[in-house]
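2 protein chains.
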Amino acid sequence: MIDDGSRRKTARRGAGIEKERVGGSADADLPVHPKKYASSVDVASLAGVSQSAVSRTFKAGASVSEATRQKVLAAAKALDYRPSLIPRIMLTHRSQLVAIVVGGLYNPFYSMVLEQFLIRLQRAGKQVLMVHVNSDSSLDAVIPKLASYRVDAVVSALSVFSARTADELARLRIPVVAFNTPLTSLWLSSVCCDNYEAGRTIADLFLSRGARRFGYLAGVDASPANSERLAGYRSLLEEAGYGPVKIGPAKFRYDGGHQAALAMFGRPRPPEALFCANDLSALGAIDALRKLGFRVPGDVLVAGFDDIPPAAWDAYQLTTFLQDGTRMVEETVKLIEQALAQEPTSAGVPLVVPVKLVERKTTQ
Amino acid sequence: MIDDGSRRKTARRGAGIEKERVGGSADADLPVHPKKYASSVDVASLAGVSQSAVSRTFKAGASVSEATRQKVLAAAKALDYRPSLIPRIMLTHRSQLVAIVVGGLYNPFYSMVLEQFLIRLQRAGKQVLMVHVNSDSSLDAVIPKLASYRVDAVVSALSVFSARTADELARLRIPVVAFNTPLTSLWLSSVCCDNYEAGRTIADLFLSRGARRFGYLAGVDASPANSERLAGYRSLLEEAGYGPVKIGPAKFRYDGGHQAALAMFGRPRPPEALFCANDLSALGAIDALRKLGFRVPGDVLVAGFDDIPPAAWDAYQLTTFLQDGTRMVEETVKLIEQALAQEPTSAGVPLVVPVKLVERKTTQ
DNA sequence: TTGTATGCGTTATCAA
DNA sequence: TTGATAACGCATACAA
Numbered sequence: 035m036i037d038d039g040s041r042r043k044t045a046r047r048g049a050g051i052e053k054e055r056v057g058g059s060a061d062a063d064l065p066v067h068p069k070k071y072a073s074s075v076d077v078a079s080l081a082g083v084s085q086s087a088v089s090r091t092f093k094a095g096a097s098v099s100e101a102t103r104q105k106v107l108a109a110a111k112a113l114d115y116r117p118s119l120i121p122r123i124m125l126t127h128r129s130q131l132v133a134i135v136v137g138g139l140y141n142p143f144y145s146m147v148l149e150q151f152l153i154r155l156q157r158a159g160k161q162v163l164m165v166h167v168n169s170d171s172s173l174d175a176v177i178p179k180l181a182s183y184r185v186d187a188v189v190s191a192l193s194v195f196s197a198r199t200a201d202e203l204a205r206l207r208i209p210v211v212a213f214n215t216p217l218t219s220l221w222l223s224s225v226c227c228d229n230y231e232a233g234r235t236i237a238d239l240f241l242s243r244g245a246r247r248f249g250y251l252a253g254v255d256a257s258p259a260n261s262e263r264l265a266g267y268r269s270l271l272e273e274a275g276y277g278p279v280k281i282g283p284a285k286f287r288y289d290g291g292h293q294a295a296l297a298m299f300g301r302p303r304p305p306e307a308l309f310c311a312n313d314l315s316a317l318g319a320i321d322a323l324r325k326l327g328f329r330v331p332g333d334v335l336v337a338g339f340d341d342i343p344p345a346a347w348d349a350y351q352l353t354t355f356l357q358d359g360t361r362m363v364e365e366t367v368k369l370i371e372q373a374l375a376q377e378p379t380s381a382g383v384p385l386v387v388p389v390k391l392v393e394r395k396t397t398q
Numbered sequence: 035m036i037d038d039g040s041r042r043k044t045a046r047r048g049a050g051i052e053k054e055r056v057g058g059s060a061d062a063d064l065p066v067h068p069k070k071y072a073s074s075v076d077v078a079s080l081a082g083v084s085q086s087a088v089s090r091t092f093k094a095g096a097s098v099s100e101a102t103r104q105k106v107l108a109a110a111k112a113l114d115y116r117p118s119l120i121p122r123i124m125l126t127h128r129s130q131l132v133a134i135v136v137g138g139l140y141n142p143f144y145s146m147v148l149e150q151f152l153i154r155l156q157r158a159g160k161q162v163l164m165v166h167v168n169s170d171s172s173l174d175a176v177i178p179k180l181a182s183y184r185v186d187a188v189v190s191a192l193s194v195f196s197a198r199t200a201d202e203l204a205r206l207r208i209p210v211v212a213f214n215t216p217l218t219s220l221w222l223s224s225v226c227c228d229n230y231e232a233g234r235t236i237a238d239l240f241l242s243r244g245a246r247r248f249g250y251l252a253g254v255d256a257s258p259a260n261s262e263r264l265a266g267y268r269s270l271l272e273e274a275g276y277g278p279v280k281i282g283p284a285k286f287r288y289d290g291g292h293q294a295a296l297a298m299f300g301r302p303r304p305p306e307a308l309f310c311a312n313d314l315s316a317l318g319a320i321d322a323l324r325k326l327g328f329r330v331p332g333d334v335l336v337a338g339f340d341d342i343p344p345a346a347w348d349a350y351q352l353t354t355f356l357q358d359g360t361r362m363v364e365e366t367v368k369l370i371e372q373a374l375a376q377e378p379t380s381a382g383v384p385l386v387v388p389v390k391l392v393e394r395k396t397t398q
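As you go down the protein sequences, you meet chains A and B in turn. Everything in the first sequence is counted per the numbering used here, starting at 35 for the first residue and increasing by one. Everything in the second sequence is counted per the numbering used here, starting at 35 for the first residue and increasing by one.
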């Protein structure tokens, strides 16, 4: 039973055909479940040609005679054959798989960005392996999985993405693009929007509208987007000679904004203008302000960040910054393709996409 | 690059290690891009053991001596080795990949469902291949891709999922679960919520609040969820002897609801109660009604479906149906695991999850 | 144009 | 406990 070890191909092909042609009717040797797709060998034997003929038939621009081609196609159809990409991954060391790591799908901005990513990556011929993590640190736990599936690249759409985690990924030499975290290194690029400038812009707008006391509803402390927005906001206000900015913790969420605003505006001498780390928290804040009896913008000016759909709804009409997700995604995909085309030789610089002020009623 | 064809293995091993250790410094034999991960063979040769020893070291509960184990681990660390799952897929005919097909991420309900799926599938040891399509028919185009990646199962989170498309997938003998489309067949199961009953429930509530003229803002016509909700709504109203329901086209979207409500309520004798196919369109309708000068609920009762976060926001306080996404996802994952454990022998029945009326201010 | 042989990186089987 | 070796399904160099 071992003596034919050297004639492995014959033995293998024979076994394969038998098992598959019978189609699970009368063989109890395997526990059934691992269902098998038809293979090129199956198709070949049914068509009476070689396996390579099948392979060539399904490769664009290969040399197959029309006769062979037809035989193969007929057999393939009969067996519902679809070429597997798995072996190709082994051969080419390319999976065409891009992992997207997300954490905050509750924020419509990220849902929409995700949708853009799916569309563009599919268009670029990539498949998307989606991974959800609760925090940056839990990313570490899934990194080995990503490596095991041999993903070609990783996109992090996390609001917090530490340098340490980036290093961890870099050891695998997988190109990584960070979305809204301005870190770069040999294997890490990033696409951000101009958070700092937005902070300055809104401060300027608030000042021009006559506000003299200022508040900020913070996102997550560790998030660069949050700190940059605050830094820009503060810098211009300080240059203009205005006192400290009151800060409340909103965690990028509606409820967070709601609570923080209730606390901040329940006290004497509340701010006359409130910049929020994102739209979600701004909407929560607006509802809180109204509940407290403040008029927006009559008593308090409010602005957010992201321009998610609800910001434009009649009930809010929130002034905000359009973070151009489409453009950012586009740049991200470009960076990926670039990294895939050629191994990086030096760290890039964070790519910064401009934002656009969208002024609605909450600041007028 | 062709001359060493026969001694590929040796050449490769050397090249692989060199490239990895040196980090891409001095070899120009390959077009660089196809970056190689270290393989178990590389690790084995560095550790001075056989490849099988490496394999066993990384398999839980295998028999390796501590000494071998240590040598292997050291070598693996030096080479940043992670076992590849790709060959395993070929051997086991299982990729552990589940595809999720989405189309409407603009709807927070689907974003949240997606998030649940990611969490639960990851917990179940599956990886998620995400696919975005614009419509049911464009799903056909990606089916071959899914087959090529040998996904173990497919979840359709499309609002429209035709029997024809289901058949197409069934030919591949991949288990499919349809989310909110009550189709089943040998390879297709489905998880829905009780749309019909919800329609009846809200009709009953409207009646008990004194409404006598009724409107419905439709989603997409081809969507079963849409037609079931309408059917239930109509059935109870007709039983109660109330006239035809006015219908407007809202397409499940905020803008759609807005436009449709403007049209419906700009005419004489408008409805006194308005049921909307989902929350998004209900919110758009509320803003339209307010713009037209109607009070909600004073002049018009409004209800939606899904219980997305904005429905609970102060500015709306929308009465709606909690579609228990978490529960539905849970059931879906169960169905998948079931189908994977044992080949289906007969078609199941659509699983129906109850919904819960969440009454807020728009109906009181 | 066609078929043969080989390798891709694993796991599983079997012999030592 | 260890190492050879045969698969898995495909692509490709080469011979025919």
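The beta-carbon is built from N, C-alpha and C at its ideal position, and this holds for glycine as well.
Against chain A, a Cβ distance below 9 Å from B:Ile342 picks out nothing, because the smallest value is about 10 Å. Between B:Arg246 and B:Ser269, the C-beta gap is not smaller than 8 Å, which leaves the two residues out of contact. Taken in chain order, the unbroken stretches of beta strand (DSSP E) that lie wholly in the region 89-165 of chain A and span 3 residues or more are 131-136. Counting C-beta atoms within 10 angstroms of its own C-beta, B:Gln376 has fewer than 16 neighbours from the protein chains shown and is therefore classed as exposed.
Its chain contains Leu335 and Thr397 as the residues whose beta carbon lies nearer than 7 Å to that of B:Arg243, once the 5 sequence neighbours on both sides are disregarded; these appear in chain order. In this structure, the CA atom of B:Ala181 is about 7 Å from the CA atom of A:Arg116.
Going by beta carbons, B:Gly300 and B:Leu317 fall outside the 8 Å limit. Contact with chain B is absent for A:Ala316, since none of that chain's Cβ atoms lies less than 8 Å from the residue's Cβ. Annotation: A:Glu149 to A:Ile134 spans about 11 Å, alpha carbon to alpha carbon. Burial is judged here by how many other beta carbons sit within 10 angstroms of a residue's own beta carbon; A:Gly359 has at least 16 and is buried. Proximity of A:Ser380 to chain B, defined by a Cβ-Cβ separation below 8 Å, is not satisfied. In its chain, beyond the 5 residues on either side, His292 have a beta carbon closer than 7 Å to the beta carbon of A:Asp321. A check of alpha carbon separations from B:Asn229 across B:Val387, B:Glu393, B:Trp347 and B:Arg394 identifies B:Val387 as the nearest. Excluding its 5 nearest sequence neighbours in each direction, B:Ser97 has C-beta neighbours in its own chain below 8 Å: Arg90, listed in chain order. Closer than 9 Å at the C-beta level to chain A, one finds these residues of the region 93-118 of chain B: Asp114, Arg116, Pro117 and Ser118. Contact with chain A is absent for B:Trp221, since none of that chain's Cβ atoms lies less than 8 Å from the residue's Cβ.
Excluding sequence positions up to five before and after B:Leu131, its CB lies within less than 8 Å of the CB of Lys160, Gln161, Val162, Leu163, Tyr183, Arg184, Val185 and Asp186, all in the same chain and listed in chain order.
From the beta-carbon of A:Lys179, the residues of chain B found nearer than 8 Å are Gln161. In this chain, B:Leu356 is not harboured by any alpha helix (DSSP H); it is covered by the beta strand (DSSP E) spanning Thr354 to Leu356.
Here the alpha carbons of A:Phe143 and A:His166 stand approximately 16 Å from one another. A Cβ-Cβ contact shorter than 8 Å links A:Ala381 with A:Leu220.
Legend: CB atoms of the region 145-157 of chain B lying less than 8 Å from CB atoms of chain A belong to residues Ser145, Met146, Leu148, Glu149, Leu152, Ile153 and Gln156.
Distance check between A:Ile281 and each of A:Ala346, A:Leu296 and A:Thr379 places A:Leu296 closest, using alpha-carbon atoms only. A straight line joining the alpha-carbon of A:Val330 with that of A:Arg324 spans about 7 Å. When secondary structure is reduced to three states using DSSP, A:Asp333 falls in the coil class, being assigned neither helix nor strand. Ranked by Cα distance from B:Ile177, the first of B:Thr126, B:Leu222, B:Arg205 and B:Val88 is B:Arg205.
When Cβ-Cβ separations below 8 Å define contact, A:Ala349 makes contact with chain B.
Just measuring C-alpha positions, the residue of B:Val392, B:Leu314 and B:Val367 sitting nearest B:Val210 is B:Val367.
When rounded, the separation of the alpha-carbon atoms in B:Pro121 and A:Ile236 is 54 Å.
Taking a beta-carbon distance threshold of 8 Å, A:Pro331 does not count as an interface residue toward chain B.
Counted as a single uninterrupted DSSP element, the stretch harbouring A:Pro258 is not any beta strand (DSSP E) but the alpha helix (DSSP H) occupying residues Pro258 to Glu273. B:Asp340 and B:Ala232 have their C-alpha atoms spaced approximately 11 Å apart. The region 343-359 of chain A and the region 304-314 of chain A touch, with no fewer than 3 CB-CB distances between them shorter than 8 Å. Closest in C-alpha terms to B:Thr199, from the list B:Ala108, B:Thr354, B:Pro305 and B:Ser171, comes B:Ser171.
For A:Asn168, the closest alpha carbon among the candidates A:Leu374, A:Lys179 and A:Ser193 is that of A:Ser193. Assignment of B:Leu317 by DSSP, reduced to helix, strand and coil, places it in the helix class.
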